[in-house]
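Engineer: In this note's numbering, the protein residues as written are 7 to 318.
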Amino acid sequence: SLSNGTVLMTSYPWMPDTMLRRDAEPMKILGQALKKASYSKCKLTLSTIEGDDIYGIKARKSSRKDEVLFIDHTMTAVTTRDNACPVCLGDMSLNAISLECCGTQFCRSVCGKLAVTSFHAALCGKQSEFAGINEHEPATKCRTLLLERCLAIIIQEINSQGNTPTHPLHSTSLRRLTAGYHGAAIRWTYDADVVWPTQMMQSMGVDIFADDRYDTWVIQAIQYRLKNNASDKTGEFYLRGVFPIYSMLNHDCSPNMKWSHIDNGSRIIVIAARDIKKGEELFIDYGDVQDKARPERRRILDQWFDCECPKC
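(1) Does chain C have any CB closer than 7 Å to the CB of M33?
(2) Since R66 contacts K49 with CB under 8 Å, what's their CB separation in whole angstroms?
(3) Do K71 and A278 have their beta-carbon atoms positioned less than 7 Å apart in this structure?
(4) Buried or exposed, going by whether 16 or more other CB atoms sit within 10 Å of the CB of Y252?
(5) From A208 to A121, what does the alpha carbon distance come to, in whole angstroms?
(6) Considering only residues of the same chain and omitting the five flanking positions on each side of T80, which have a CB-CB separation below 6 Å?
(7) Give a yes or no on whether the C-beta atoms belonging to A198 and T146 are separated by under 7 Å.
(8) Which whole-angstrom value describes the C-beta separation of L180 and I228, a residue pair presumed to lie in contact below a C-beta threshold of 8 Å?
(9) Cutting at 6 Å between CB atoms, please list the residues of its own chain near L183, excluding the five before and the five after it.
(10) Provide the residue(s) that pair with H257 in DSSP beta bridges, ordered along the chain.
(11) Taking one C-beta from the region 81-88 and one from the region 135-154 each time, how about it: are there three or more such pairs within less than 8 Å?
(12) Going by DSSP in three states, H176 sits in which element: helix, strand or coil?
(13) Can you tell me which of the three DSSP states G37 falls into?
(14) So, at 8 Å on beta carbons, what are the nonlocal neighbours of G285 in its own chain, with the 5 sequence-adjacent residues on each side left out?
(15) If you run the structure through DSSP and keep just helix, strand and coil, what is G271?
(16) Taking R155 as part of the alpha helix (DSSP H), name the residues at either end of that continuous run.
(17) Hey, would you say K233 sits closer than 7 Å to H267, going by beta carbons?
(18) DSSP on K71, reduced to helix/strand/coil?
(19) Please classify C108 as buried or exposed, where buried requires at least 16 neighbouring CB atoms within 10 angstroms.
(20) Work out the CA separation of H173 and R219 for me, nearest whole Å.
(21) Rounding to the nearest angstrom, what Cα-Cα distance links P144 and E242 in this structure?
(22) Between I139 and the rest of its own chain, which residues show a CB-CB distance below 6 Å, the 5 nearest in sequence each way excluded?
(23) So, with DSSP's three-state summary, where would you put S7?
(24) By the 10 Å Cβ neighbour count, where 16 or more other Cβ atoms means buried, how is D88 classified, buried or exposed?
(25) Would you identify the three-state DSSP class for D58, choosing helix, strand or coil?
(26) Since N262 contacts I282 with CB under 8 Å, what's their CB separation in whole angstroms?
(27) Three-state secondary structure (DSSP) at D197?
(28) Given this structure, state the Cα-to-Cα distance separating S115 from S99, to the nearest angstrom.
(29) Spatial neighbours of S7 within its chain, please: CB distance less than 8 Å, with the 5 preceding and 5 following residues excluded, ordered by chain position.
(30) Count the other CB atoms, across all protein chains shown, that sit within 10 Å of the CB of D294; report buried if there are 16 or more and exposed otherwise.
(31) Taking the alpha-carbon of M210 as reference, which of K264, P316, I60, I159 has the nearest alpha-carbon?
(32) If distances are taken between C-alpha atoms only, which option among F76, C91, A299 comes closest to L105?
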């Protein structure tokens, strides 16, 4: 139908090279964060996978099976779980605090302060009501809420820059993320890809007809970056978030790492699935495909790439 279908995940022909690849500066900063998070066990470097602008994580030293390599904190995440703190996703306690500006609650003052300095100013009293969103599956709902949160982070950063604002695709939260422009067909809906993003931007004060920095192709490019890097958690509740360090791990159908969400999904722990030698690149299984037949693996992984790992 006209309301639901698929689109091909490809770059727009007018996008400059600076929007298609990552600068060295944000990757250096991310590498420093990885070194700290892994207690110098890991390093961020160019991947052994052939291709342009493909980074990966390698072992700085040998590790034993079941050893924790690093724990990554979410840049931002959203969940369908009731009574979850908007920042850390923890349970709201009796000590929950309310912001004076609008009464929005957080589980503790540190979460409230982090929200105010990163995204809340753009959303305060302005959050949209997305008509019909509860009729969609949890994955679509969380995809929409994550886009809203990321747009709020971007818009708040740009609004604070005065007369020399950056382009949304060069914002701090996005410039270390890249999209997988390989032409795969991905799901598209009129609500989630047109109506709701338009409502988000208008509610946050963006004139979508006058400010071409937020043109429809820019929003779609943001969606592509989030799709290529976000992590989902399913089960009794659905969660979707962006974890900057974790997103640097590449896929292999015979992974040497295993991972899981911890702390209500606000952090990801990465553990050695076998003994690791110094210099090895660390790989995870993107789609829980390692025990599936090759045709099924390729079907699942097509949303990211055409897998060419040794097993495939």
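In this text, a Cβ means the ideal position worked out from N, Cα and C, and glycines have one as well.
Being a predicted model, the structure only gives us computed values, none of them experimental.
Structural biologist: Considering the structure as presented:
(1) Reference to chain C is not applicable here, since this structure consists of a single protein chain.
(2) One-based indexing of the sequence shown puts residue 66 at position 60. One-based indexing of the sequence shown puts residue 49 at position 43. That belief holds up - the Cβ atoms of R66 and K49 are roughly 5 Å apart, short of 8 Å.
(3) As a working note, residue 278 is residue 272 in the sequence shown. As a working note, residue 71 is residue 65 in the sequence shown. For A278 and K71, yes; Cβs fall inside 7 Å.
(4) Taking the first residue of the sequence shown as position 1, residue 252 is located at position 246. It counts as buried.
(5) Along the sequence shown, read from residue 1 onward, the residue named residue 208 stands at position 202. Along the sequence shown, read from residue 1 onward, the residue named residue 121 stands at position 115. According to the sequence provided, residue 208 is Gln. The question's Ala does not apply to it. A direct Cα-Cα distance of roughly 21 Å separates Q208 from A121.
(6) Within the sequence shown, residue 80 is the residue found at index 74, counting from 1. Counting only Cβ-Cβ distances below 6 Å, and skipping sequence neighbours, we find G247, F249, S272.
(7) As a working note, residue 198 is residue 192 in the sequence shown. As a working note, residue 146 is residue 140 in the sequence shown. With contacts defined by Cβ atoms closer than 7 Å, A198 and T146 form a contacting pair.
(8) Counting from 1 along the sequence shown, the entry for residue 180 is found at position 174. Counting from 1 along the sequence shown, the entry for residue 228 is found at position 222. L180 to I228, Cβ: 7 Å. Contact.
(9) Taking the first residue of the sequence shown as 1, we reach residue 183 at position 177. Contacts found: R231, N235.
(10) Along the sequence shown, one-based indexing puts residue 257 at 251. DSSP links H257 through a beta bridge to I290.
(11) Yes, they touch.
(12) Locating residue 176 in the sequence shown gives position 170, counting from the first residue. Correct three-state label for H176: helix.
(13) The residue labelled residue 37 in the question sits at position 31 within the sequence shown. In the structure shown, G37 adopts helical secondary structure according to DSSP, grouped into three states.
(14) As a first step, residue 285 must be located in the sequence shown, where it is residue number 279. Closer than 8 Å at Cβ, skipping near neighbours: K64, A65.
(15) Here residue 271 refers to the residue found at position 265 when the sequence shown is read from its first residue. Correct three-state label for G271: helix.
(16) Within the sequence shown, numbered from 1, the residue matching residue 155 stands at position 149. Run containing R155: 144-165, per the alpha helix (DSSP H) assignment.
(17) The sequence position of residue 233 within the sequence shown is 227, counting from 1. The sequence position of residue 267 within the sequence shown is 261, counting from 1. Not in contact: K233 and H267 (Cβ atoms no closer than 7 Å).
(18) Your numbering for residue 71 matches position 65 in the sequence shown. Correct three-state label for K71: coil.
(19) As a position in the sequence shown, residue 108 is number 102, starting the count at 1. So C108 counts as exposed.
(20) Translated into positions along the sequence shown, residue 219 becomes position 213. Translated into positions along the sequence shown, residue 173 becomes position 167. About 6 Å.
(21) Stepping through the sequence shown from its first residue, residue 144 is reached at position 138. Stepping through the sequence shown from its first residue, residue 242 is reached at position 236. If I take the Cα positions, the gap works out to 11 Å.
(22) Residue mapping note: residue 139 aligns to position 133 of the sequence shown, counting from 1. Cβ neighbours of I139 beyond the five flanking positions: K147.
(23) Along the sequence shown, one-based indexing puts residue 7 at 1. Note that S7 scores 49 on pLDDT, short of 50, meaning its location in the model is unreliable and no value can be drawn from it.
(24) Start at 1 with the first residue of the sequence shown, and residue 88 comes out as number 82. D88 should be labelled exposed.
(25) As a working mapping, residue 58 is identified with position 52 in the sequence shown. Looking at D58 - three-state DSSP - the assignment turns out to be coil, as it is neither helix nor strand.
(26) The residue you call residue 262 lines up with position 256 of the sequence shown. The residue you call residue 282 lines up with position 276 of the sequence shown. Right, the Cβ-Cβ distance comes to about 6 Å (below 8 Å), so this counts as a contact.
(27) Residue mapping note: residue 197 aligns to position 191 of the sequence shown, counting from 1. D197: helix per DSSP, three-state reduction.
(28) To locate residue 115, count along the sequence shown from 1; it is residue 109. To locate residue 99, count along the sequence shown from 1; it is residue 93. So the two alpha carbons sit approximately 12 Å from each other.
(29) As a working note, residue 7 is residue 1 in the sequence shown. No answer about S7 holds up, because its pLDDT of 49 lies below 50 and its placement is not dependable.
(30) As a working mapping, residue 294 is identified with position 288 in the sequence shown. Exposed: under 16 other Cβ atoms inside 10 Å.
(31) The count along the sequence shown starts at 1 and reaches residue 210 at position 204. Distance from the Cα of M210 is smallest, within the candidate group K264, P316, I60, I159, for I159.
(32) Within the sequence shown, the letter at position 99 stands for residue 105. Relative to L105, the option among F76, C91, A299 whose CA is nearest is C91.
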